[in-house]
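Residue numbers (this note's numbering), protein chains in the order written: chain A, 2 to 256; chain B, 42 to 124.
Step one of this worksheet: look at the structure below.
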Amino acid sequence: MTQAPVRFGIVVFPGSNCDHDAYYVCKKILGQDAVFLWHKTPDLRGVDVVILPGGFSYGDYLRCGAIARFSPVMQEVERFAARGGLVLGICNGFQVLVEAGLLPGVLLRNTSLRFACRYVNIRVENSFTPFTSQCRSGEVLAIPIAHGDGNYFADDETIRRLEQNGQVVFRYCTPEGEITAGSNPNGSLGNIAGIMNEQGTVLGMMPHPERASDVLLGHTDGRKVFASILEHVFSRTSTSLRERTPSIVMEQGRR
Amino acid sequence: MFRAIIDITLRPSILDPQGKAVAHAVATLGIRGVQGVRMGKHVEVTFDGLTEEEAQRATEEICKKLLANPVMEDYRFVVEKKA
């Protein structure tokens with residue numbers, strides 16, 4: 002019996018520019034189902050996973066991601082997330098998630114004041130998540146970044162809670178996996194490159210896994226994020242991984 | 042008619058690299074005594090058909106829900122009569 006394909010919904014805001022890359026990975030590389038969700042639609046069309054892609058939604062006016070949050074599609078995405086739906090925010094998508102309050106903290110201007118566009122190394126800090134189950138904890142992934150505002154900031158109490166709950170999923174590191182100031186491309190607190198919500202169902206990350214998923218582009222480490230999502234959705238339909246995941250995440254955090 | 046004049050600034054605890062860069066540029070002008078520069082946003086909102094008190098409340102709500110992100114920004118405003 003063949004497994005029904007996972008349906009990815011890729012949100013398209015005016016100014017999104019990585020929507021087609023995400024669509025290509027879901028459809029052509031993973032061989033799954035994928036649909037675009039225009040920002041004005043209040044209908045998520047029965048998708049299993051929502052991707053908020055990179056880009057400059059609404060021209061980055063006011064603050065990155067600030068206007069996108071009020072679009073009709075985001076009202077639905079918030080409801081989808083509240084029901085435990087998987088949401089992956091990449092780059093500008095991460096900025097939208099923090100502005101929408103689906104993830105804590107904020108992404109400030111890079112301390113260099115420069116737009117940073119290059120490959121970075123990120124270390125998988127928690128492999129017991131729906132987005133990283135196909136990685137080893139401590140594994141180093143090479144994935145490109147492309148942002149001017151990726152400097153993660155939150156108050157001390159929030160950072161403490163993120164660390165304690167194992168919600169820090171990725172950190173910028175050296176190729177050997179060391180967390181150093183020199184490997185931090187934007188000034189993020191604790192070299193944070195990606196975080197998830199407490200339930201482990203919403204992930205925001207500045208690096209672009211969809212740009213490192215096709216062998217033609219040289220690196221395929223990003224594919225592991227998508228493969229993990231597939232694994233999670235498949236197992237959710239057959240076993241009860243969904244019930245198990247939060248407690249595993251908590252255990253990891255207490256380690 | 043009333044006009045709200047709003048200033049949004051980074052909270053004191055937030056590093057302002059843009060302000061720092063401007064401070065460096067100020068130093069090259071040869072102007073002495075500049076201790077620091079903080080950048081921010083200036084917004085003006087005009088209201089029609091509201092009382093001054095209603096305009097105050099509306100401005101507060103606009104700032105809180107949209108114009109400022111409380112994680113990193115503070116805001117202050119005055120509402121004045123507009124000719």
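From the three backbone atoms N, C-alpha and C, an ideal C-beta is built for every residue, glycine too.
| Check | Outcome |
| --- | --- |
| Cβ atoms of I146/A and M207/A: under 7 Å apart, would you say? | yes |
| Counting only beta-carbon separations shorter than 7 Å, does R110/A have a partner in chain B? | yes |
| I want to see whether chain A comes within less than 7 Å of M80/B, judged by CB atoms only; does it? | no |
| Residues of chain A with CB closer than 9 Å to the CB of V112/B, please, in chain order. | V99, P105, G106, V107, F154, A155, D156 and T159 |
| If you follow the alpha helix (DSSP H) that H65/B is in, where does it begin and where does it stop? | P58 to T69 |
| Taking Cβ-Cβ distances below 8 Å as the criterion, which residues of the region 56 to 75 of chain B are in contact with chain A? | L56, P58, Q59 and A62 |
| Is there contact between the region 218 to 227 of chain A and the region 176 to 183 of chain A, where contact requires at least three CB pairs shorter than 8 Å? | no |
| List the residues of chain B that R64/A touches, going by C-beta distances under 7 Å, in chain order. | N110 |
| What's the call for D57/B, buried or exposed, on a 16-neighbour Cβ count within 10 Å? | buried |
| For the beta strand (DSSP E) that V141/A lies in, which residues bound it at each end? | V141 to H148 |
| Short check: CB of I49/B to CB of L107/B, under 7 Å? | no |
| Considering only DSSP beta bridges, list what E152/A is partnered with. | The question names Glu, but residue 152/A is Asn in the sequence shown. The partner list for N152/A (beta bridge, DSSP) reads L109/A. |
| Where does the unbroken alpha helix (DSSP H) through E121/B begin, and where does it stop? | Looking at the DSSP string, E121/B is not in any alpha helix (DSSP H); the run it does join, the beta strand (DSSP E), is E114 to K122. |
| Going by DSSP, name the residue or residues bridged to N166/A. | Its beta-bridge partners do not exist; DSSP assigns none. |
| Starting from L114/A, find everything on chain B with Cβ-Cβ shorter than 7 Å and list it in chain order. | P58, Q59 and A62 |
| Give me the Cα-Cα distance between E232/A and F9/A, rounded to the nearest whole angstrom. | 14 Å |
| Taking the CB atoms as reference points, tell me whether V121/A and E140/A lie closer together than 7 Å. | no |
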